[in-house]
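Participant: To start, I am sharing the structure in question, which I have written as structure tokens.
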Amino acid sequence: MIRDITIGQYYPADSVIHRLDPRTKLVGTLAFILSLFLFRSYAAYLVATVFLAGVIRASKVPFKFMVRGMKAIVFLLLITVVFNMFLTPGEPLVRIWKLTVTREGLELAIFMAIRLTYLIIGSSVMTLTTTPNQLTDGMEKGLRPLNKLHVPVHEMAMIMSIALRFIPILLEETDKIMKAQMARGADFESGGVIKKAKSMVPLLVPLFISAFRRANDLAMAMEARGYHGGEGRTKMKPLHYQKRDRAAYLTLVVYLLAMYGAKRIAGF
Amino acid sequence: MSIKLEHVNYIYSPGTAYEKQALTDICLEFPDGQFAGIIGHTGSGKSTLIQHLNGLVRATSGTVYYNGEDIYREDYPMKDLRSRVGLVFQYPEYQLFEVDVFSDVCFGPKNLGLPKEEVEKRAYHALQQVGLKEKYFKKSPFELSGGQKRRAAIAGILAMQPEVLILDEPTAGLDPKGRDDILDQIQLLHREQGITVVLVSHSMEDIARYVERIVVMDKGRVRFNDRPEKVFEHYRELEQIGLAAPQVTYVMQALRERGMDVDIHAATVEGAAASIRSYFGNFEKRREG
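Line by line, the protein sequences give chains A and B.
Following our numbering, the numbering of the first sequence begins with 1 at its first residue and continues without gaps.
Following our numbering, the numbering of the second sequence begins with 1001 at its first residue and continues without gaps.
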């Protein structure tokens, strides 16, 4: 039941996108999201669609996995669209009761919907093709210059990768404890808000205890293996840019130029 | 009156990259009053299998019958089934959550909607059954030792007075004394109250001593399903799937190969000793006569 949650789930496959350096993917995703907000025109979004479709194709991840992430934001998307449609002042198009749909509002709503959808799909491509460990490694290396400003980059990356690593473990643990309590007749579904909250106690207490126990064990295991922070720590798989990363950056620049060009030249 | 599985298949995360067939075409029956054992290597599907027995996991295909009734039927009282088929999970002490041992044991019967006196009576009785002394009743579960916590957790299931008791590796992580104590207590329950017991383990030694029947699981399938001595005859096949017959089986087989007429079906040290003794007894007699 709980296994079905897919936050930042990695989809193992052998593709160019999977093999890219995580830094490339991070920068690429960021640039893609920024481009969605910088170049607001139909022509530019057409370019973005082609680019995104190409990347998805190259990633070999089935399209339905990308869409799965959309389910979570359908509600948010709906609200945004409705509010933009009705509450933007401008030239009136349709009038429903006291509400007016304006041309500007409709346009804004369409743009918003496209932006949000592409934003989610774009970041899904990154998380589906990059393991959490690679992602934090990429962040750590990419943000290393901040070390000079005394930002604890390594520690932050370590905290993040441990937190990410613990998500599936705790989910599994939750599943296990839930089943164990259900075997004792516990009921997690029925009843009102208060009864539901109360029924969570037999789940949450053992879960917290187990999380603390695991944290304790992990800290001990890390110290036993001589962990002492990022100073002088080497990597088993150090990140190096490859030829394909250079090609990817080049593609990205071409994409950004195309976006710019599409907005400038096509002008709609 | 039994639990019966017919052509049960179970697939984890179907339709994803992590899809895995955990159980394949399982047909089994656990008759009333039997002390059965399920044995298998890690990942052979034994834990998944037992979760089907009380409806916690729903089979991808196939049917499970409890006392002849299909438990996947629309209006089947699932909660009732869970109280009748008690399932003790692996490391059950991790599910303790109440402020004291006694209230934790009360959780199960309380969920059945019984009156307070009955709940407390059952909890008290269950704690006695697992042999936990009264001085621990009002202690926090976290003050107890590992073995005591395990007993308290098992009492939590017994307090629901199930007709069938399933235990998933009840002795994992316990010392030899704690292991024998718990298994002896379970056997006593089986003998005195006649409840059906299904014991899951990966130790043949444990299983051989107590059970009347062994189900051997391998890669999600039932490999053997027979009386212990019959199963142990296949000790070479058992080795191939990462298991082994009890050590005495090897001793007796070796003795038989050297020409001694001993019982190769002896599954416990005591039984083997008796068989060897009687062999030498006969030997003496023959020499004298």
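Ideal Cβ positions, reconstructed from N, Cα and C, are used throughout, including at glycine.
Buried or exposed: where does residue 37 of chain A fall if 16 or more other Cβ atoms within 10 Å of its Cβ makes it buried?
Facilitator: Residue mapping note: residue 37 of chain A aligns to position 37 of the first sequence, counting from 1. With fewer than 16 other Cβ atoms within 10 Å, it is exposed.
Participant: From the beta carbon of residue 202 of chain A, is the nearest beta carbon of chain B less than 8 Å away?
Facilitator: Within the first sequence, the letter at position 202 stands for residue 202 of chain A. By this cut-off, residue 202 of chain A is an interface position.
Participant: Near residue 1279 of chain B, what residues of its chain come up, given a Cβ to Cβ distance below 8 Å and the 5 sequence neighbours on each side ignored?
Facilitator: Counting from 1 along the second sequence, the entry for residue 1279 of chain B is found at position 279. Counting only Cβ-Cβ distances below 8 Å, and skipping sequence neighbours, we find 1260, 1261 and 1262.
Participant: Name the chain B residues whose beta carbon is nearer than 7 Å to that of residue 181 of chain A?
Facilitator: Start at 1 with the first residue of the first sequence, and residue 181 of chain A comes out as number 181. Simply 1095.
Participant: DSSP three-state call for residue 1014 of chain B: helix, strand or coil?
Facilitator: As a working mapping, residue 1014 of chain B is identified with position 14 in the second sequence. Residue state, collapsed to three classes: coil.
Participant: Can you round the beta-carbon distance between residue 1054 of chain B and residue 1085 of chain B to whole angstroms, since I take them to be within the 8 Å contact cut?
Facilitator: Residue 1054 of chain B sits at position 54 when you count from the first residue of the second sequence. Residue 1085 of chain B sits at position 85 when you count from the first residue of the second sequence. Indeed, because the Cβ distance is near 4 Å, the residues count as touching under 8 Å.
Participant: Would DSSP call residue 256 of chain A helix, strand or coil?
Facilitator: In the first sequence, counting from the first residue as 1, residue 256 of chain A sits at position 256. Here residue 256 of chain A sits in helix by DSSP.
Participant: Would a check of beta-carbon distances place residue 28 of chain A closer than 8 Å to chain B?
Facilitator: Start at 1 with the first residue of the first sequence, and residue 28 of chain A comes out as number 28. No, no contact with chain B.
Participant: Is the beta carbon of residue 149 of chain A less than 8 Å from the beta carbon of residue 173 of chain A?
Facilitator: To locate residue 149 of chain A, count along the first sequence from 1; it is residue 149. To locate residue 173 of chain A, count along the first sequence from 1; it is residue 173. It is not a contact, given that the beta carbons lie outside the stated cut-off.
Participant: Report the three-state DSSP secondary structure of residue 1256 of chain B (helix, strand or coil).
Facilitator: Mapped onto the second sequence, residue 1256 of chain B falls at position 256. Residue state, collapsed to three classes: helix.
Participant: For the segment 1067 to 1084 of chain B, which residues have a beta carbon sitting closer than 7 Å to at least one beta carbon of chain A?
Facilitator: 1079, 1082 and 1083
Participant: Threshold first: 3 residues or longer. Then list the beta strand (DSSP E) segments lying entirely within the segment 45 to 123 of chain A, N to C.
Facilitator: 92 to 96 and 99 to 102
Participant: Around the Cβ of residue 147 of chain A, are there at least 16 other Cβ atoms within 10 angstroms (buried) or fewer (exposed)?
Facilitator: Within the first sequence, numbered from 1, the residue matching residue 147 of chain A stands at position 147. When all chains shown are included, residue 147 of chain A counts as exposed.
Participant: Spatial neighbours of residue 20 of chain A within its chain, please: C-beta separation below 7 Å, excluding the five flanking residues on both sides.
Facilitator: Position 20 of the first sequence, counted from the start, is the residue given in the question as residue 20 of chain A. Exclusion of the five residues before and after residue 20 of chain A leaves 244, 245 and 248 as the residues of its chain whose Cβ lies within less than 7 Å of its Cβ.
Participant: So if I threshold CB-CB distances at 8 Å, which residues from the segment 153 to 180 of chain A count as touching chain B?
Facilitator: 176, 177, 179 and 180
Participant: Classify residue 55 of chain A: buried if its beta carbon has 16 or more other beta carbons within 10 angstroms, exposed otherwise.
Facilitator: Sequence index remark: in the first sequence, residue 55 of chain A carries index 55 (1-based). That one is buried.
Participant: With a threshold of 8 Å between beta carbons, is residue 315 of chain A in contact with chain B?
Facilitator: Look at the range of chain A in this structure, 1 to 268, and you will see that residue 315 of chain A is not part of it.
Participant: Opposite residue 1087 of chain B in the DSSP bridges: which residues?
Facilitator: As a working mapping, residue 1087 of chain B is identified with position 87 in the second sequence. B/1166.
Participant: Candidates A/39, A/189, A/33 and A/154: which alpha carbon is nearest residue 257 of chain A's?
Facilitator: As a first step, residue 257 of chain A is located in the first sequence; it is residue number 257 there, counting from the start. That would be A/39, whose Cα lies nearest to the Cα of residue 257 of chain A.
Participant: Let's see if you can read the secondary structure: which residues bound the beta strand (DSSP E) around residue 1026 of chain B?
Facilitator: The residue given as residue 1026 of chain B occupies position 26 in the second sequence. Note, residue 1026 of chain B: beta strand (DSSP E), 1020 to 1031.
Participant: How is residue 1219 of chain B classed by DSSP in three states: helix, strand or coil?
Facilitator: Here the question's residue 1219 of chain B lines up with position 219 in the second sequence. Looking at residue 1219 of chain B - three-state DSSP - the assignment turns out to be coil, as it is neither helix nor strand.
Participant: Quick one: which chain D residues come within Cβ less than 8 Å of residue 1092 of chain B?
Facilitator: Protein chains in the displayed structure are A and B, and chain D is not among them.
Participant: Using a Cβ distance threshold of 8 Å, determine whether the segment 1224 to 1237 of chain B contacts the segment 1060 to 1072 of chain B, with at least three qualifying pairs required.
Facilitator: No: the two stretches stay apart, fewer than three of their Cβ pairs being nearer than 8 Å.
Participant: Excluding the 5 residues preceding and the 5 following residue 10 of chain A in the sequence, name in chain order all residues of the same chain whose CB lies nearer than 6 Å to its CB.
Facilitator: For the purposes of this step, residue 10 of chain A is taken as residue 10 along the first sequence, with counting starting at 1. Closer than 6 Å at Cβ, skipping near neighbours: 131.
Participant: Is residue 184 of chain A close to chain B? Criterion is C-beta to C-beta, closer than 8 Å.
Facilitator: Taking the first residue of the first sequence as position 1, residue 184 of chain A is located at position 184. Contact of residue 184 of chain A with chain B is assigned, a C-beta pair being separated by under 8 Å.
Participant: At least one CB of chain A closer than 8 Å to the CB of residue 1108 of chain B: is that the case?
Facilitator: The residue you call residue 1108 of chain B lines up with position 108 of the second sequence. Answer yes: the Cβ-Cβ gap between residue 1108 of chain B and chain A drops below 8 Å somewhere.
Participant: If contact is defined by three or more beta carbon pairs under 8 Å, each pair taking one atom from either stretch, is the segment 1192 to 1200 of chain B in contact with the segment 1035 to 1047 of chain B?
Facilitator: yes
Participant: Anything in chain A within Cβ reach of residue 1051 of chain B, meaning under 8 Å, just list it in chain order.
Facilitator: Counted from its first residue, the second sequence places residue 1051 of chain B at position 51. Neighbours of residue 1051 of chain B on chain A, chain order: 179.
Participant: Measuring only between beta-carbons, confirm whether residue 1037 of chain B sits less than 8 Å from chain A.
Facilitator: Numbered from 1 along the second sequence, position 37 holds the residue referred to as residue 1037 of chain B. Chain A contact via Cβ: absent.
Participant: Can you list, in chain order, the residues of its chain whose CB lies under 8 Å from that of residue 1074 of chain B, leaving out five sequence neighbours each side?
Facilitator: Taking the first residue of the second sequence as position 1, residue 1074 of chain B is located at position 74. Apart from sequence neighbours up to five positions away, no residue of its chain approaches residue 1074 of chain B with a beta-carbon distance below 8 Å.
Participant: Could you work out which residues of chain A lie near residue 1112 of chain B, taking near to mean beta carbons separated by less than 8 Å?
Facilitator: Residue numbering aside, residue 1112 of chain B sits at position 112 when the second sequence is read from its first letter. The answer, in chain order, is 185.
Participant: With distances taken between CB atoms, is the gap from residue 60 of chain A to residue 15 of chain A smaller than 8 Å?
Facilitator: By 1-based counting over the first sequence, the position of residue 60 of chain A is 60. By 1-based counting over the first sequence, the position of residue 15 of chain A is 15. Pairing residue 60 of chain A with residue 15 of chain A gives a Cβ-Cβ distance under 8 Å.
Participant: Look up residue 1198 of chain B in the DSSP assignment and give the residues it is bridged to.
Facilitator: As a working mapping, residue 1198 of chain B is identified with position 198 in the second sequence. Paired residues: B/1036 and B/1166.
Participant: Quick one: what's got a C-beta closer than 8 Å to residue 1226 of chain B's C-beta in the same chain, skipping five residues either side?
Facilitator: As a working mapping, residue 1226 of chain B is identified with position 226 in the second sequence. 1213 and 1214.
Participant: Using a Cβ-Cβ cut-off of 8 Å, state whether residue 1030 of chain B counts as contacting chain A.
Facilitator: By one-based count along the second sequence, residue 1030 of chain B stands at place 30. It does not: the Cβ of residue 1030 of chain B has no partner Cβ on chain A nearer than 8 Å.
Participant: According to a CB-to-CB cut-off of less than 7 Å, which residues of the segment 204 to 225 of chain A neighbour chain B?
Facilitator: 205, 206 and 210
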